[in-house]
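Participant: I'd like to ask some things about the structure below.
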Amino acid sequence: MTTPTDSQRMEKIVSLCKRRGFIFQSSEIYGGLNGAWDYGPLGVELKRNLKNYWWRVMVHERDDVVGMDGAILTHPEVLRASGHVEGFSDPMIDCRSCKAHLRIDQLIDKKGVKQCPNCGGKDLTEARQFNLMFETHLGAAADESSIAYLRPETAQSIFVQFKNILEVSRKKLPFGIAQIGKAFRNEINPRNFTFRSREFEQMELEYFCRAEEGMQLLDYWLKERLKFYENIGIPREKLHAREVPDDERAFYSKGTYDIEYDFPFGRQELEGVAYRTDYDLSQHQKASGKSLEYFDEETKQRFVPHVVEPSAGVDRTVLALICEAYAEDQAPDEKGKMEARVVLRFHPRMAPIKCGVFPLLKNNEQLVAKAKEIVDLLRPHMTVFYDGSGAIGRRYRRQDEIGTPFGVTIDFETLGEKDASLRDTVTLRDRDSMKQERVAIKDLPSILRDRIA
12 MTTPTDSQRM EKIVSLCKRR GFIFQSSEIY GGLNGAWDYG PLGVELKRNL KNYWWRVMVH
72 ERDDVVGMDG AILTHPEVLR ASGHVEGFSD PMIDCRSCKA HLRIDQLIDK KGVKQCPNCG
132 GKDLTEARQF NLMFETHLGA AADESSIAYL RPETAQSIFV QFKNILEVSR KKLPFGIAQI
192 GKAFRNEINP RNFTFRSREF EQMELEYFCR AEEGMQLLDY WLKERLKFYE NIGIPREKLH
252 AREVPDDERA FYSKGTYDIE YDFPFGRQEL EGVAYRTDYD LSQHQKASGK SLEYFDEETK
312 QRFVPHVVEP SAGVDRTVLA LICEAYAEDQ APDEKGKMEA RVVLRFHPRM APIKCGVFPL
372 LKNNEQLVAK AKEIVDLLRP HMTVFYDGSG AIGRRYRRQD EIGTPFGVTI DFETLGEKDA
432 SLRDTVTLRD RDSMKQERVA IKDLPSILRD RIA
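Sequential numbering of the sequence shown, starting at 12, is according to the working numbering.
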């Protein structure tokens with residue numbers, strides 16, 4: 012199924028990301044580094060919220076998963092055993108007209124004739140394999156003996172540390188090893204903003220099991236991962252579980268699902284959930300000569316475990332969160348007149364800033380002092396932003412545009428000047444409904460924690 016694209020919406024999202032400090036082009040003042048991105052003050056908070064929640068759900072809330080953090084530099088024998096050195100490549104074609112380097116799947120087919128998507132040219136080279144790994148050298152000598160690679164995925168460090176982690180964690184099958192970390196692929200043509208990049212981050216789980224449990228656990232993890240996306244604010248109707256057909260699956264996989272999302276540039280993969288059988292551990296056991304078997308104390312059997320792998324892209328999920336949150340609607344201004352507003356409707360647990368704090372007037376010492384007391388009260392519990400500049404409506408709009416779900420306004424009623432019963436209360440505003448309610452300052456931390464969790 013082809014998903015309609017919306018290039019105008021995507022252009023607005025990219026513009027907002029730069030304007031408000033979510034994502035910048037890496038090395039922009041030098042013309043930019045293609046396929047690499049820097050996350051600004053808001054982007055890094057959004058990214059951290061996503062990773063922290065993934066870790067909470069996948070590791071802290073379970074007793075059958077432990078974590079690790081592997082090195083980025085990878086021994087060449089690890090990637091030779093896994094098949095990356097020989098087989099981690101994409102077919103590449105050059106357009107002789109505009110000199111573009113293209114993956115075969117990027118070509119446009121018009122009446123059976125392949126054309127360049129950039130210039131429409133038909134003068135294309137023959138396809139050739141292009142290895143996607145970044146090669147580097149360790150130490151002073153830059154020869155074949157010093158070759159290492161920047162890891163193309165985080166999974167292999169989990170497999171080669173399997174036995175160490177099994178021994179220290181004392182886990183029984185089934186159990187998992189989780190990791191969040193950077194990976195690098197020399198993409199032929201990075202595109203769609205941060206969706207396809209040369210440097211990216213993965214959230215990966217290798218869940219080890221017995222062979223007879225593999226297919227059942229594949230379906231289990233698919234359901235768990237779909238639930239995760241719904242819990243961070245991506246609706247189920249925008250998510251699609253595509254069962255990868257036999258001719259597209261890796262040869263060692265007995266089953267794979269792609270979890271896809273409807274981006275403005277089309278339906279694309281967020282995460283793969285694959286049953287990788289015992290391929291990886293068996294390959295490393297054979298290549299290293301070291302046993303990676305599991306000993307079952309009940310049956311007294313030794314065997315190489317199978318594994319189910321849910322592997323998600325951090326950057327792709329951050330982009331999906333921003334795309335899903337972006338909205339334009341109407342809101343009343345200071346005089347009650349309706350005006351257009353841009354709002355990011357992040358789920359509160361993902362929002363970079365949870366609460367904005369606003370004194371009604373910036374030049375009133377009592378209001379400012381009380382506002383800063385509230386900032387100090389909330390800061391141990393959540394990210395807070397103090398804003399005392401401009402009309403209160405403008406301040407609301409600024410926070411709406413960066414996705415802050417709650418706003419607290421300190422006014423003269425807080426000081427008890429009009430009604431003593433309202434002393435030490437504030438106005439709590441909801442970003443999406445724009446409804447306001449009066450709450451006691453002392454109750455703010457618990458109220459906001461409940462709504463963010």
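Virtual Cβ for every residue (Gly too), placed ideally from N, Cα, C.
Enumerate in chain order the residues of its own chain whose CB-to-CB distance from Gly399 is below 6 Å, with the five nearest sequence positions on each side excluded.
Facilitator: By one-based count along the sequence shown, residue 399 stands at place 388. Same-chain partners within the cutoff: Pro370, Lys373.
Participant: Considering only the beta carbon of each residue, do Glu280 and Asp269 sit closer than 7 Å?
Facilitator: What you label residue 280 is simply residue 269 of the sequence shown in a count that begins at 1. What you label residue 269 is simply residue 258 of the sequence shown in a count that begins at 1. In contact: Glu280 and Asp269 (Cβ atoms closer than 7 Å).
Participant: Closest to Arg360 by CA distance: which of Arg30, Glu412, Glu56 is it?
Facilitator: On the sequence shown, position 349 is the one that residue 360 refers to. Nearest of Arg30, Glu412, Glu56 to Arg360, Cα basis: Glu56.
Participant: Mapping the DSSP letters down to three states, classify Leu426 as helix, strand or coil.
Facilitator: Within the sequence shown, the letter at position 415 stands for residue 426. Of the three classes helix, strand and coil, the one that applies to Leu426 here is coil, per DSSP.
Participant: Specify, as a first and last residue, the run of the beta strand (DSSP E) that Ile191 falls within.
Facilitator: Translated into the one-based positions of the sequence shown, residue 191 becomes position 180. Segment 186-195, the beta strand (DSSP E) holding Ile191.
Participant: Contact defined as beta carbons within less than 8 Å: I believe Gln167 pairs with Thr85. What is the distance between those atoms, to the nearest angstrom?
Facilitator: Translated into the one-based positions of the sequence shown, residue 167 becomes position 156. Translated into the one-based positions of the sequence shown, residue 85 becomes position 74. The pair is a contact, with the Cβ atoms about 7 Å apart (cut-off 8 Å).
Participant: Going by DSSP, name the residue or residues bridged to Met445.
Facilitator: Here residue 445 corresponds to residue number 434 of the sequence shown, with the count starting at 1. None, per the DSSP bridge assignment.
Participant: Would Leu229 and Tyr286 be called neighbours here (beta carbons separated by less than 7 Å)?
Facilitator: Taking the sequence shown and counting its residues from 1, the one referred to as residue 229 is at position 218. Taking the sequence shown and counting its residues from 1, the one referred to as residue 286 is at position 275. Cβ atoms of Leu229 and Tyr286: closer than 7 Å.
Participant: Measure from the alpha carbon of Ser156 to the alpha carbon of each residue in Lys297, Glu88, Ala464, then state which is nearest.
Facilitator: Against the sequence shown, residue 156 aligns to sequence position 145. Answer by Cα proximity: Glu88.
Participant: Hey, Glu146 and Tyr160 are a contact pair by Cβ (cut 8 Å); roughly how many whole angstroms apart?
Facilitator: Mapped onto the sequence shown, residue 146 falls at position 135. Mapped onto the sequence shown, residue 160 falls at position 149. Right, the Cβ-Cβ distance comes to about 6 Å (below 8 Å), so this counts as a contact.
Participant: Helix, strand or coil, according to DSSP, for Thr328 in the structure here?
Facilitator: Walking along the sequence shown from the start, residue 328 turns up at place 317. Note: Thr328 maps to helix in three-state DSSP.
Participant: Would you list the residues sitting across from Ile421 in a DSSP beta bridge?
Facilitator: Here residue 421 corresponds to residue number 410 of the sequence shown, with the count starting at 1. Ile421 is bridged to Pro370.
Participant: Run through DSSP, which three-state label would Gln172 get?
Facilitator: If you number the sequence shown from 1, residue 172 lands on position 161. Coil.
Participant: Between which two residues does the beta strand (DSSP E) harbouring Gly78 extend?
Facilitator: For the purposes of this step, residue 78 is identified with residue 67 of the sequence shown, where counting begins at 1. Start and end: 76-78.
Participant: Taking Cβ to Cβ, would you say Arg356 is nearer than 7 Å to Ala336?
Facilitator: One-based indexing of the sequence shown puts residue 356 at position 345. One-based indexing of the sequence shown puts residue 336 at position 325. Closer than 7 Å, so yes.
Participant: How long is the line joining the alpha carbons of Ser38 and Ser293, rounded to whole angstroms?
Facilitator: Taking the sequence shown and counting its residues from 1, the one referred to as residue 38 is at position 27. Taking the sequence shown and counting its residues from 1, the one referred to as residue 293 is at position 282. Cα-Cα distance, rounded: 42 Å.
Participant: Does the stretch 70-81 touch the stretch 425-442, meaning 3 or more C-beta pairs lie closer than 8 Å?
Facilitator: No, the stretch 425-442 is not in contact with the stretch 70-81.
Participant: Apart from the five residues just before and just after Ile421, which ones in its own chain have a Cβ nearer than 6 Å to its Cβ?
Facilitator: For the purposes of this step, residue 421 is taken as the residue at position 410 of the sequence shown. So the qualifying residues of the chain are Pro370, Leu378, Lys381, Ala382, Val437.
Participant: Can you name the residues that DSSP bridges to Asp105?
Facilitator: Residue mapping note: residue 105 aligns to position 94 of the sequence shown, counting from 1. Answer is His112, bridged to Asp105.
Participant: Which of the three DSSP states is assigned to Val70 in this structure?
Facilitator: Position 59 of the sequence shown, counting from 1, holds the residue named residue 70. Val70 falls in the helix class under three-state DSSP.
Participant: With distances taken from CA atoms, which of Ala138, Val70, Ser108, Pro102 is nearest Phe186?
Facilitator: Numbered from 1 along the sequence shown, position 175 holds the residue referred to as residue 186. It is Val70.
Participant: Return the CA-CA distance between Gly54 and Ile243, expressed in angstroms with no decimal places.
Facilitator: Looking up residue 54 in the sequence shown gives position 43. Looking up residue 243 in the sequence shown gives position 232. Distance between the alpha carbons of Gly54 and Ile243 is about 16 Å.
Participant: Curious, which full-length alpha helix (DSSP H) runs of at least 4 residues does the stretch 281-347 contain?
Facilitator: Qualifying alpha helix (DSSP H) stretches, in chain order: 290-299, 325-336.
Participant: In chain order, what residues of the same chain have a beta carbon less than 6 Å from the beta carbon of Glu448, not counting five sequence neighbours either side?
Facilitator: Taking the sequence shown and counting its residues from 1, one reaches residue 448 at position 437. Taken in chain order, the residues that qualify are Leu439.
Participant: Using the DSSP secondary-structure output, state which residues sit across from Ala159 in a beta bridge.
Facilitator: Reading the sequence shown from its first residue, position 148 is the one you call residue 159. Thr147.
Participant: Would you mind sorting Asp291 into buried or exposed? The rule is 16 or more other CB atoms within 10 Å of its CB.
Facilitator: Numbered from 1 along the sequence shown, position 280 holds the residue referred to as residue 291. Buried, since its Cβ has 16 or more Cβ neighbours within 10 Å.
Participant: I'd like the list of long-range same chain contacts for Arg313, defined as Cβ closer than 6 Å, with 5 residues on each side in sequence excluded.
Facilitator: Here residue 313 refers to the residue found at position 302 of the sequence shown. So the list reads Glu304, Phe306, once near-sequence residues are dropped.
Participant: If you drop the 5 nearest sequence neighbours on each side, which residues of the same chain put their C-beta closer than 6 Å to that of Arg20?
Facilitator: As a working mapping, residue 20 is identified with position 9 in the sequence shown. Closer than 6 Å at Cβ, skipping near neighbours: Pro275.
Participant: Grouping DSSP H, G and I as helix and E and B as strand, with all else coil, what is Cys220?
Facilitator: The residue labelled residue 220 in the question sits at position 209 within the sequence shown. Here Cys220 sits in strand by DSSP.
Participant: Measure from the alpha carbon of Lys58 to the alpha carbon of each residue in Arg91, Tyr407, Val325, then state which is nearest.
Facilitator: As a working note, residue 58 is residue 47 in the sequence shown. Residue Val325 is the option with its Cα nearest to Lys58.
Participant: Inspect the beta-carbon positions of Gly46 and Ser180 and report whether they are closer than 7 Å.
Facilitator: Sequence index remark: in the sequence shown, residue 46 carries index 35 (1-based). Sequence index remark: in the sequence shown, residue 180 carries index 169 (1-based). No, these two residues do not count as a Cβ contact at 7 Å.
Participant: Return the Cβ separation of Arg91 and Asp101 in integer angstroms, given the expectation that the two are a contact with Cβ distance under 8 Å.
Facilitator: Counting from one through the sequence shown, the residue named residue 91 turns up at place 80. Counting from one through the sequence shown, the residue named residue 101 turns up at place 90. Between Asp101 and Arg91 the Cβ distance is about 19 Å, and since that is not below 8 Å, they are no contact.
Participant: In its own chain, which residues sit with a C-beta less than 6 Å from the C-beta of His251, not counting the 5 before and 5 after it?
Facilitator: The sequence position of residue 251 within the sequence shown is 240, counting from 1. So the qualifying residues of the chain are Glu271.
Participant: Can you tell me the Cα-Cα spacing of Asp134 and Asp116, whole angstroms?
Facilitator: For this step, residue 134 is matched to residue 123 along the sequence shown. For this step, residue 116 is matched to residue 105 along the sequence shown. If I take the Cα positions, the gap works out to 16 Å.
Participant: Which word fits Pro321, buried or exposed, when buried means at least 16 other C-beta atoms lie within 10 angstroms of its C-beta?
Facilitator: As a working note, residue 321 is residue 310 in the sequence shown. So Pro321 ends up on the buried side.
Participant: Mapping the DSSP letters down to three states, classify Met226 as helix, strand or coil.
Facilitator: Here residue 226 refers to the residue found at position 215 of the sequence shown. It is helical.
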